[in-house]
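Trainee: So for the sequence shown, the numbering used here puts the first residue at -10; every next one is plus one.
Before I ask anything, let me first share the structure, which is written out below as structure tokens.
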Amino acid sequence: MTDHNASTSFDAIHAAAAADPEAFWAEAAKDVSWMTPPTRVLNHDNPPFTRWFEGGTINTAYNALDRHVAEGRGDQAALIYDSPVTNTKTSYTYSELTEKVAAFAGVLVANGVGYGDRVIIYMPMIPETVIAMLGCVRIGAVHSVVFGGFAANELAKRIDDCSPKMVISASCGIEPNRIVEYKPLLDEAIEISSHKPDHCIIFQREMATATMIEGRDLDWRDAHEGVAPADCVAVDSSDPCYILYTSGTTGVPKGVVRSTASHIVALKWSMKNIYDVDPGDVYWAASDVGWVVGHSYIVYAPLFHGCTTILYEGKPVGTPDAAAFWRVISEHKVKVMFTAPTAIRAIKREDPEGKLLEQFDMSHFKTQFVAGERCDPDTLKWIEDKLKVPVIDHWWQTETGWSIAATCLGIDKTPYRIGSPGRAVPSWNIQVLDTAGHPVPAGEIGSIVVKLPMPPGSLPTLWNNDDRFVDSYMAEFPGYYKTGDAGYLDEDGFVYVMARTDDIINVAGHRLSTGGMEEVLANHPDVAECAVVGAADQLKGQVPLGFLVLKNGVTRSGEDIVAEVVQMVRQEIGPVAAFKQAVIIQRLPKTRSGKILRGTMQKIADGVDYPMPATIDDPAILEEITIALAAIGYPKS
Ligand code: COA
Ligand code: AMP
């Protein structure tokens, strides 16, 4: 059924992309700069694997920087660094950033990094991080950025999985309540990993000085001395541009691979068609470069499109207050901004009337985008009411690299529906299937899947692990990519994303695996069994909540054990896990076949009615859980 207000251009574009994806993407590919144009647009001869733009050669950094200098944008700001935590604002033009990236690429080459080598980047939100990423792709090296809130152990897992030749880091990151020294974490990670990088390049910040290891560690500034800049290297379309690890259903992260050419083409297309920005506009994604949003919309897409991008080292609140976002928007004349609903909830909590907004000139600001977690209607309506601009929810994942569903502002004038992140973006074929793999009627919840082949930009595989790629995403519903999200489509094709079908939770817009946390808890010497669920949280959307069953004979204080497991998760996974609460219970609720009833535990924590599971082995345990949770303040509302 067609919406009365449906934009014909959107429908026509959607239909064209569905009917002939090759022609659609061949046209989009004309907008990017090739070293050798592709000879074949789509190769899906070997499903579920898809290859785009075969035969082409291209360079990511050239498309992000050099091409704009060549086309006359050299004096335009490419990157504005705005850091309330260091009281710094710096702007780099396209020419300046190109020069810095070429110089750093030269440093990489001088230290033995070349085409195809992996480089881990473990850095805070500073310009050198962007320079490091672009320096890698300039020479055809594959970067893997690791979010600063992860602990040494998580960093070590990534070092072992992608075997980097080099690690690039900084002496510290800055959180509002503390300086996070990265170097001790990096040293510990290299100590525990089996693979050892040849070198580490460390950017020293004045707030902390990293102790260097002779022979292995190089100072960022010193390393530049006497080194010639390096030019852009032509890489094949399918060569990986980067690997980004994301939570899977176990403690072993998945190395999502991004192919070079399809990434450039898809992201370039998204800027006008989804975000409705033009070259020269100022675009701001308030995320972190450690996440996919940071990769795609702080660094790559805005630069591919010749925009000015903002790198913001601060928080929505507390740096210094809940006006921080409005200050940045007004001061830098931001046209489009992108953040997570959690950030908006944090602002709303501190400034419920939106009074702080009144002092700023927001006349350049046209659209607020949100993603990363489900946006509850209250938050969306509140921010829309205060900003008085469209607030567009859109849905995507690390795996896809850009939106699966959105209101494509550049081509779609259909009113959006609160509660839905929109309709399938052209070239995405979203369907909802039941457990047997049959499509369900409109309005009925099922597994949200994407019909193959996936559009450009989405993951071609997992790093060094085609089998896990197939098992995780392609095996359950042959012919479809399983998003891992559950939800429904309405009669007009608007998708409603309700929950995950696996054990991934979304904490403050950060994707985490409860399975990974359970692996840590299970290592505590007094813990016999455990479970972690995501409990609803008014600020962060969800927070992890642990359930511990102690070994027989343990007489130690439960409070001490909980404090220890909280510390263990912080130590093993990192502060970003935000694991702060656990309860001790006599046994876990299970079905008679031994399956832990995590869904029921979650409902008790959230104060939601639940049907008594028919196959539960011991119903009395649910009452015990209710009492234990009440003692620590659950349900919260
Ligand atoms: N390096 C080191 N530690 C980090 C970190 C980083 N880059 N990022 C977060 N942390 C730490 C925090 O300091 C905090 O530690 P603490 O337990 O000692 O306080 C912990 O990880 C949890 O951080 P966070 O989830 O950010 O919670 P918070 O209470 O510090 O802040 C918000 C709450 C709402 C301000 C914050 O979560 C936020 O800005 N959310 C928006 C998220 C976002 O933009 N996500 C991007 C996806 S699109
Ligand atoms: P990440 O890979 O970290 O980007 O997390 C992706 C997951 O976040 C998705 O699979 C969803 O579960 C959730 N998510 C992201 N955007 C949205 C959205 N707009 N609405 C609902 N859930 C979302």
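The C-beta atom is built at its ideal place from N, Cα and C for all residues, glycine as well.
#1: Going along the chain, which residues of its own chain have a beta-carbon closer than 7 Å to the beta-carbon of Ile372, five neighbours each way excluded?
#2: Buried or exposed: Pro165, going by 16 or more other Cβ atoms within 10 Å of its Cβ?
#3: My output table needs one value for Trp258: the three-state DSSP class, helix, strand or coil.
#4: Grab the span of the beta strand (DSSP E) containing Leu229 for me, first residue to last.
#5: Counting along the chain, where does the alpha helix (DSSP H) carrying Ala313 start and finish?
#6: Under 6 Å Cβ to Cβ from Arg40, same chain only, skipping five residues before and after it: list those, please.
#7: Tell me whether His213 sits in a helix, a strand or coil according to DSSP, three-state version.
#8: Answer yes if the stretch 248 to 255 comes into contact with the stretch 442 to 457, meaning at least three C-beta pairs across the two stretches below 8 Å, and no otherwise.
#9: Ligand 2 and Trp384: does any heavy atom of the ligand fall closer than 8 Å to the residue's C-beta?
#10: Let me check one thing: in DSSP terms, what residues is Ala59 bridge-paired to?
#11: Between Pro113 and Ser276, what straight-line distance do the alpha-carbon atoms span, to the nearest angstrom?
#12: Using only the alpha-carbon positions, how far apart do Asp71 and Val281 sit?
#13: Under DSSP, the alpha helix (DSSP H) around Cys125 begins and ends at which residues?
#14: Where does Ser54 fall in DSSP's three states?
#15: With H, G and I counted as helix, E and B as strand and the rest as coil, what does DSSP make of Glu203?
#16: Which residue from Trp14, Thr544 and Thr503 puts its Cα closest to that of Pro27?
#17: Gly279: beta carbon under 8 Å from a heavy atom of ligand 1?
#18: Ligand 2 and Arg363: does the residue's C-beta get closer than 8 Å to at least one heavy atom of that ligand?
#19: In whole angstroms, give me the CA-to-CA distance for Asp598 and Thr589.
#20: Keeping to the same chain, check which residues put their C-beta closer than 7 Å to that of Gln560; ignore five residues upstream and five downstream.
#21: In whole angstroms, give me the CA-to-CA distance for Pro36 and Pro442.
#22: Roughly how many angstroms separate the alpha carbons of Gly215 and Tyr272, rounded to a whole number?
#23: Identify which residue in Tyr470, Asp456 and Gln65 has its Cα closest to the Cα of Gly295.
#24: Assuming Asp515 contacts Leu539 under a Cβ cut-off of 8 Å, what Cβ separation, rounded to an integer in Å, is found between them?
#25: I need the boundaries of the beta strand (DSSP E) containing Met155, first residue and last residue.
#26: Within the same chain, show all residues whose beta-carbon is closer than 8 Å to that of Phe466, passing over the 5 residues directly before and after it, in chain order.
#27: With 16 as the cutoff for other CB atoms within 10 Å, does Ile456 come out buried or exposed?
#28: Checking the sheet assignment: what are the DSSP bridge partners for Gly162?
#29: Per DSSP, what kind of secondary structure is Pro564 in: helix, strand or coil?
#30: If you check the beta carbons only, do Lys337 and Thr368 fall under 9 Å apart?
#31: Contact defined as beta carbons within less than 8 Å: I believe Thr82 pairs with Gly63. What is the distance between those atoms, to the nearest angstrom?
#32: How long is the line joining the alpha carbons of Ile616 and Val496, rounded to whole angstroms?
#33: Taking just the CA atoms, how far does Ala99 sit from Trp209?
#34: If you draw a straight line from the C-alpha of Ala520 to the C-alpha of Ile69, how long is it?
#35: Helix or strand or just coil, what does DSSP make of Ala1?
#36: By how many angstroms is the C-alpha of Arg576 removed from the C-alpha of Ile610?
Mentor: Looking at the coordinates:
#1: Here residue 372 refers to the residue found at position 383 of the sequence shown. If we look at Ile372 and ignore the five residues flanking it on each side, its Cβ neighbours are Ile333, Gln357 and Val380.
#2: On the sequence shown, residue 165 is found 176 positions in, with the first residue counted as 1. Exposed, by the Cβ-count rule.
#3: Taking the first residue of the sequence shown as 1, we reach residue 258 at position 269. In the three-state reduction of the DSSP assignment, Trp258 falls in the helix class, which pools H, G and I.
#4: Mapped onto the sequence shown, residue 229 falls at position 240. Looking at the sequence shown, residue 229 is not Leu but Pro. The continuous beta strand (DSSP E) containing Pro229 extends over residues Pro229 to Thr235.
#5: Numbered from its first residue, the sequence shown carries residue 313 at position 324. Boundaries of the alpha helix (DSSP H) around Ala313: Ala313 to Glu320.
#6: Translated into positions along the sequence shown, residue 40 becomes position 51. Its chain contains Asn32 and Ser227 as the residues whose beta carbon lies nearer than 6 Å to that of Arg40, once the 5 sequence neighbours on both sides are disregarded; these appear in chain order.
#7: On the sequence shown, residue 213 is found 224 positions in, with the first residue counted as 1. Correct three-state label for His213: coil.
#8: Yes, since at least three Cβ pairs between the stretch 442 to 457 and the stretch 248 to 255 fall closer than 8 Å, the two stretches touch.
#9: Taking the first residue of the sequence shown as 1, we reach residue 384 at position 395. Yes, the Cβ of Trp384 comes within 8 Å of a heavy atom of ligand 2.
#10: Along the sequence shown, one-based indexing puts residue 59 at 70. Beta-bridge partners assigned by DSSP to Ala59: none are found.
#11: The sequence position of residue 113 within the sequence shown is 124, counting from 1. The sequence position of residue 276 within the sequence shown is 287, counting from 1. Cα to Cα, Pro113 sits roughly 12 Å from Ser276.
#12: Counting from 1 along the sequence shown, the entry for residue 71 is found at position 82. Counting from 1 along the sequence shown, the entry for residue 281 is found at position 292. Cα atoms of Asp71 and Val281: separation of roughly 20 Å, rounded to the nearest angstrom.
#13: Here the question's residue 125 lines up with position 136 in the sequence shown. Here the alpha helix (DSSP H) through Cys125 covers Pro116 to Arg127.
#14: In the sequence shown, counting from the first residue as 1, residue 54 sits at position 65. For clarity, residue 54 is Leu in the given sequence; the question names Ser instead. For Leu54, the three-state secondary structure derived from DSSP is helix.
#15: Position 214 of the sequence shown, counted from the start, is the residue given in the question as residue 203. Annotated three-state conformation of Glu203 is coil, per DSSP.
#16: Counting from 1 along the sequence shown, the entry for residue 27 is found at position 38. With distances taken between Cα atoms, Pro27 lies closest to Trp14.
#17: Indexing the sequence shown from 1 puts residue 279 at position 290. Result yes, Cβ under 8 Å from ligand 1.
#18: Position 374 of the sequence shown, counting from 1, holds the residue named residue 363. Yes, the beta carbon of Arg363 sits closer than 8 Å to at least one heavy atom of ligand 2.
#19: Stepping through the sequence shown from its first residue, residue 598 is reached at position 609. Stepping through the sequence shown from its first residue, residue 589 is reached at position 600. Asp598 and Thr589 have their C-alpha atoms some 9 Å from each other.
#20: Against the sequence shown, residue 560 aligns to sequence position 571. Ala140, listed in sequence order.
#21: Residue 36 sits at position 47 when you count from the first residue of the sequence shown. Residue 442 sits at position 453 when you count from the first residue of the sequence shown. Going from the Cα of Pro36 to the Cα of Pro442 covers about 8 Å.
#22: Position 226 of the sequence shown holds residue 215. Position 283 of the sequence shown holds residue 272. Computed Cα separation, rounded: 35 Å.
#23: For the purposes of this step, residue 295 is identified with residue 306 of the sequence shown, where counting begins at 1. That would be Gln65, whose Cα lies nearest to the Cα of Gly295.
#24: Walking along the sequence shown from the start, residue 515 turns up at place 526. Walking along the sequence shown from the start, residue 539 turns up at place 550. Confirmed, about 5 Å.
#25: On the sequence shown, residue 155 is found 166 positions in, with the first residue counted as 1. Run containing Met155: Met155 to Ala159, per the beta strand (DSSP E) assignment.
#26: One-based indexing of the sequence shown puts residue 466 at position 477. Here the set comprises Leu422, Gly426, Ser436 and Val438.
#27: Numbered from its first residue, the sequence shown carries residue 456 at position 467. Residue identity differs from the one stated: residue 456 is Asp in this sequence, not Ile. By the Cβ neighbour-count rule, Asp456 is exposed, with fewer than 16 other Cβ atoms within 10 Å of its own.
#28: In the sequence shown, counting from the first residue as 1, residue 162 sits at position 173. Under the DSSP definition of a beta bridge, Gly162 partners with Val169.
#29: Along the sequence shown, one-based indexing puts residue 564 at 575. In the three-state DSSP reduction, Pro564 falls in the helix class (H, G or I).
#30: On the sequence shown, residue 337 is found 348 positions in, with the first residue counted as 1. On the sequence shown, residue 368 is found 379 positions in, with the first residue counted as 1. Remark: C-beta atoms of Lys337 and Thr368 approach each other more closely than 9 Å.
#31: For this step, residue 82 is matched to residue 93 along the sequence shown. For this step, residue 63 is matched to residue 74 along the sequence shown. Right, the Cβ-Cβ distance comes to about 6 Å (below 8 Å), so this counts as a contact.
#32: Residue 616 sits at position 627 when you count from the first residue of the sequence shown. Residue 496 sits at position 507 when you count from the first residue of the sequence shown. Taking the straight line joining both Cα atoms gives about 25 Å.
#33: Taking the sequence shown and counting its residues from 1, one reaches residue 209 at position 220. Taking the sequence shown and counting its residues from 1, one reaches residue 99 at position 110. Rounded to whole angstroms, Trp209 to Ala99 spans 13 Å at the Cα level.
#34: Along the sequence shown, one-based indexing puts residue 520 at 531. Along the sequence shown, one-based indexing puts residue 69 at 80. Per the coordinates, the alpha-carbon of Ala520 lies some 44 Å from the alpha-carbon of Ile69.
#35: Counting from 1 along the sequence shown, the entry for residue 1 is found at position 12. The three-state reading of DSSP puts Ala1 in helix, counting H, G and I together.
#36: Locating residue 610 in the sequence shown gives position 621, where the first residue counts as 1. Locating residue 576 in the sequence shown gives position 587, where the first residue counts as 1. Distance from the CA of Ile610 to the CA of Arg576, rounded to the nearest whole angstrom, comes to 7 Å.
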